[in-house]
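Enquirer:
Protein chains in written order, with the working numbering: chain G, -8 to 268; chain X, 656 to 1076; chain B, 2 to 304.
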């Protein structure tokens, strides 16, 4: 195997570029963190104080007292995990069907999937709501689970990764006597771990950050999610920006944990070792 | 295959409906549970107090609050009503929407209940006008809000200027604002503050009771846009670009003591009381009557009344009426007043209770003096579209992207287009 | 019809069996998808030619909704603004995410931290982000204009307080927010490229740039297809971001098609017009998708 020598100037340049970019990217989030220690009247002052004059640690206590943050967090976890699991299971099946099986109407069906992504959610929200009302599912978690578990996104994403698996590989497995389901489970699934990790991260983030869905469907306090909790600090007469920022900072942590846990699947394995330049 | 699909589909639907039957409300042990849609409960404590008092007096009824953030309240309510929800009662946050709900047949006619209960609607002082359709009452007025002038006493004292009296013209206001402006940079104190809403300029044109935002010919806004532009130029009020571009809240600048005078709705009174009570603000503030034009009598202002309605799809209309009449009646009015809200029901005793609420400025009742309150948004078709259009032009005028005359010409043209479309 | 031979019968029964297997793979997802998404979406198609208050019976309106939106000044301006927004956002985000993915696929120190940092903006709640960026972009005292002035630009843009600049402010925030998201897809795609390809190319003396153009880019075609379609669709639908930043203002200078649709649905409650506007959106996206689909087919044939 051939190993190229790294050009030190190039390496330094890449680092500098990355660091600058990261700092710029993180700046708004630093502001968020700093604002989370301020009183809401101090948040919008100019010039911006990056380090608060006095740290109002109590913001992080107040948010637990003012709203049922523990319940909301639990609900957010529950919904995010359940929906992600259903999406992962059903989407990977369907993606295999759409990329590796041949059946009449395959392309038309797939186009129907993509087409639904193009329609803004607000437009078909009312028919969905009427349906849920008829099923007596308003103000239940099941409503959101049913509505968000079968989106076209997951199918589309995984199909794109399954496509690049060479057909000869599957043919070989079939000749070895594996059924279509066996081929899927033994060959395709292990090969597409990075794709699965992507879907897990994205699905989790989407559900975790969804605001309008829970807002429309959940009425009782016991069903609400963390994003609804954040919104509770914005009022018609005044907005508690300090508390919003504190809750937002807390809400980021679980998603970051999920991200860090699953991004490990994007390791530079054998596949990309030649990429070093 | 098709058969299998159909079977699966039926099974799924059957499963979900079985799953859901747990969520039914209604009478257990003779107690009726009513749902009430409301917004920002944590900032409107009065509703909890009213419910507590009502439940104590009516042990056979339980009220369940459905809390929605104010920004999405109307969206959600609209979805619920269209979706066939049987939420029993709701407030109409933007009162002009009452007409839309009425047009769709989503409101209960309250007239028979009002007659049976012997309520005299004259006690509501005309605040019910926006909720009467075809001679029938579809909403009970609960609270009223009106535009007043908030002022920071400390800034007036420091400048050695007497507090605004309760009869001031907009010209006097403009001069006063200039006198009170001082400082530079982070320590700058502005004489006046106009929040980013179009209402905060256009209301001064509507105030005369002759024009509304649906007038269609908008040259009556002109003097007020010219005034605000002059004041921006002179630095006696904050630049619109700063307010709108960075999302500065009027409560924050006033509670921080950055502005001397703030024309704003009376709902801010309760917020300021809270801010002062928690120590978040130390501003010593007062309330005066909103300024008026030379040819408009003193006491003419703009405001809105918030009604409570009963859903036509409610299964418990009689029980709901008991709560609605309690809330809009003397008991509710008393509690509202004590919590720092002006009840729609008129009566000396409520105003006294209101003035005596904790943290209320002493001369509050003089500041709330009003002889005529024009609705901020008349209940008419397309009022929301017109309002949005007026907001867009409002922004362009105040940012200097178009002149006042261009802006008004655009308003007139856009009005005609929207109404014709 | 002619009698089928046994072999033909066998072949057709195999085909049927294969088709059944195919259906069985998509069924679990498709059933949920059909009921909860496809059906409501199809309902929208009907709605676009109806007059409906959302509650009572609807009446047939023909093309009245379409005529009405084409007469609407705001719709027309939002249409062209949307094209500008979509072109800028799609091209720049695509390049940024591809570049970042390639850079962060290398073995460098602190790689996980870099990746997390770049992905961060996607995670933060919209309401917080809106407040932050509004303050950063503030025209007179905001840090961005401070910086611009200090490097000699005496008259920096007004950003969200200017009808000319607001849309570019929104585009910058959109790129910032979404580049990490699409970087993730590219990162996953990069793991699929066989190392032998690079080794062979290196032996042939290909430079880094040549390897990128000849191997990485073609092999990433499925990822690019996905990123391009999703970026296009999401840019066309981009709503939350603008709502949090400018609410479509100043004036209507950042009112995009999606804001227009939102307003028609949630503010004016005109379901027919919002459905008609989304059909137009839908047609554009469909056209883009089909063109891309063709390109992808060429790629899979080449595989």
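The beta carbon of each residue, even a glycine, is placed where N, CA and C say it ideally should be.
Which whole-angstrom value is the C-beta distance of residue 697 of chain X and residue 223 of chain G, which I expect to be below 8 Å?
Expert: 7 Å
Enquirer: Mind listing, in chain order, the continuous alpha helix (DSSP H) runs of no fewer than 4 residues lying wholly within the stretch 809 to 844 of chain X?
Expert: 825 to 835
Enquirer: Please report the distance separating the alpha-carbon of residue 678 of chain X from that of residue 33 of chain G.
Expert: Only weak support exists for where residue 678 of chain X lies, its pLDDT of 42 falling under 50; the value from the coordinates is given anyway. Roughly 44 Å between the two C-alpha positions.
Enquirer: Run the CB neighbour count on residue 198 of chain G, radius 10 Å, all protein chains shown included, and call it buried at 16 or more, exposed below.
Expert: Buried is the call here.
Enquirer: Closer than 9 Å, CB to CB, is residue 9 of chain G near chain X or not?
Expert: No, residue 9 of chain G does not count as interfacial toward chain X.
Enquirer: Using a Cβ cut-off of 7 Å, pull out every chain X residue sitting near residue 279 of chain B, in sequence order please.
Expert: Among the residues of chain X, none has a CB under 7 Å from the CB of residue 279 of chain B; the nearest is roughly 17 Å distant.
Enquirer: Using alpha carbons as the reference points, say which of G/213, G/51, G/77, G/159 lies closest to residue 29 of chain B.
Expert: Put simply, of G/213, G/51, G/77, G/159 the residue whose alpha carbon is nearest the alpha carbon of residue 29 of chain B is G/77.
Enquirer: Among the residues of its own chain, which have a CB less than 8 Å from the CB of residue 93 of chain B, if the five just before and after it don't count?
Expert: 172, 176
Enquirer: For the stretch 22 to 101 of chain G, which segments carrying the alpha helix (DSSP H) assignment without a break, of at least 4 residues, lie completely within its bounds, in sequence order?
Expert: 31 to 34, 50 to 57, 60 to 91
Enquirer: Can the beta-carbon of residue 862 of chain X be found less than 9 Å from the beta-carbon of residue 1053 of chain X?
Expert: no
Enquirer: Evaluate contact between the stretch 1025 to 1045 of chain X and the stretch 827 to 842 of chain X, counting only Cβ atoms and requiring at least three cross-stretch pairs below 8 Å.
Expert: no
Enquirer: Between which two residues does the beta strand (DSSP E) harbouring residue 645 of chain X extend?
Expert: Because chain X here runs from 656 to 1076, residue 645 of chain X falls outside it and cannot be looked at.
Enquirer: What residues of chain X sit near residue 83 of chain G, judged by a beta carbon separation below 8 Å?
Expert: By Cβ distance, chain X contributes nothing, its closest Cβ being about 19 Å from residue 83 of chain G, past 8 Å.
Enquirer: Is there a Cβ of chain B sitting closer than 9 Å to that of residue 51 of chain G, yes or no?
Expert: no
Enquirer: Output the distance between the C-alpha atoms of residue 47 of chain G and residue 55 of chain G, rounded to the nearest integer angstrom.
Expert: The C-alpha of residue 55 of chain G is placed about 15 Å away from the C-alpha of residue 47 of chain G.
Enquirer: Rounded to whole angstroms, what is the Cα-Cα separation between residue 271 of chain B and residue 993 of chain X?
Expert: Approximately 41 Å, taken between the alpha carbons.
Enquirer: Compute the distance between the beta-carbons of residue 821 of chain X and residue 914 of chain X, then report whether it is under 9 Å.
Expert: Cβ atoms of residue 821 of chain X and residue 914 of chain X: not closer than 9 Å.
Enquirer: Hey, is the stretch 864 to 881 of chain X in contact with the stretch 1048 to 1064 of chain X, meaning 3+ C-beta pairs nearer than 8 Å?
Expert: Yes: at least three Cβ pairs fall under 8 Å.
Enquirer: Taking Cβ positions only, does residue 44 of chain G come closer than 9 Å to chain B?
Expert: no
Enquirer: Counting only Cβ pairs nearer than 9 Å, list the residues of chain B close to residue 105 of chain G.
Expert: 230, 234, 286, 287, 290, 294
Enquirer: Would you say residue 851 of chain X reaches chain G, if we count a Cβ-Cβ gap shorter than 9 Å as a contact?
Expert: No, no contact with chain G.
Enquirer: To be precise: take each residue of the stretch 734 to 746 of chain X, compare its Cβ to all Cβ atoms of chain G, and keep it if any distance is under 7 Å. Which residues remain?
Expert: Per Cβ criterion, the list reads 734, 737, 738, 739, 740.
Enquirer: If you measure beta-carbon to beta-carbon, which residues of the stretch 1051 to 1066 of chain X are closer than 7 Å to chain B?
Expert: 1051, 1054, 1056
Enquirer: In the structure shown, what three-state DSSP assignment does residue 678 of chain X receive?
Expert: Since pLDDT at residue 678 of chain X reaches only 42, below the 50 mark, its modelled position is unreliable, and no value is offered.
Enquirer: Buried or exposed, going by whether 16 or more other CB atoms sit within 10 Å of the CB of residue 4 of chain G?
Expert: So residue 4 of chain G counts as exposed.
Enquirer: Please go through the stretch 845 to 875 of chain X and give each complete alpha helix (DSSP H) segment of 4 or more residues, from N-terminal end onward.
Expert: 854 to 861
Enquirer: Just to confirm the assignment: which complete alpha helix (DSSP H) runs, minimum length 4, are found wholly within the stretch 113 to 160 of chain G?
Expert: 132 to 140, 143 to 154
Enquirer: Looking at residue 991 of chain X and residue 705 of chain X, is the spacing between their C-beta atoms short of 9 Å?
Expert: yes
Enquirer: Looking at the secondary structure, which residues open and close the beta strand (DSSP E) in which residue 693 of chain X lies?
Expert: 687 to 694
Enquirer: Given a cut-off of 9 Å, decide if residue 31 of chain G and residue 171 of chain G are closer than it, judged by their beta-carbon atoms.
Expert: no
Enquirer: Mind listing the chain X neighbours of residue 120 of chain G? Cutoff is C-beta to C-beta under 7 Å, in chain order.
Expert: Listed along chain X, the residues sitting closer than 7 Å to residue 120 of chain G by beta-carbon distance are 734, 738.
Enquirer: Would you mind sorting residue 9 of chain G into buried or exposed? The rule is 16 or more other CB atoms within 10 Å of its CB.
Expert: buried
Enquirer: Use the C-beta contact count for residue 701 of chain X: other C-beta atoms within 10 angstroms, 16 or more gives buried, fewer gives exposed.
Expert: buried
Enquirer: Taking CB distances under 9 Å as the criterion, tell me whether residue 248 of chain B reaches chain G.
Expert: No, residue 248 of chain B does not count as interfacial toward chain G.
Enquirer: Give me the chain G residues within the contact set of residue 57 of chain B, using Cβ-Cβ distance strictly less than 8 Å, ordered along the chain.
Expert: Residues of chain G passing the Cβ test: none, with the nearest at roughly 13 Å.
Enquirer: What would DSSP say about residue 994 of chain X, mapped onto helix, strand or coil?
Expert: coil
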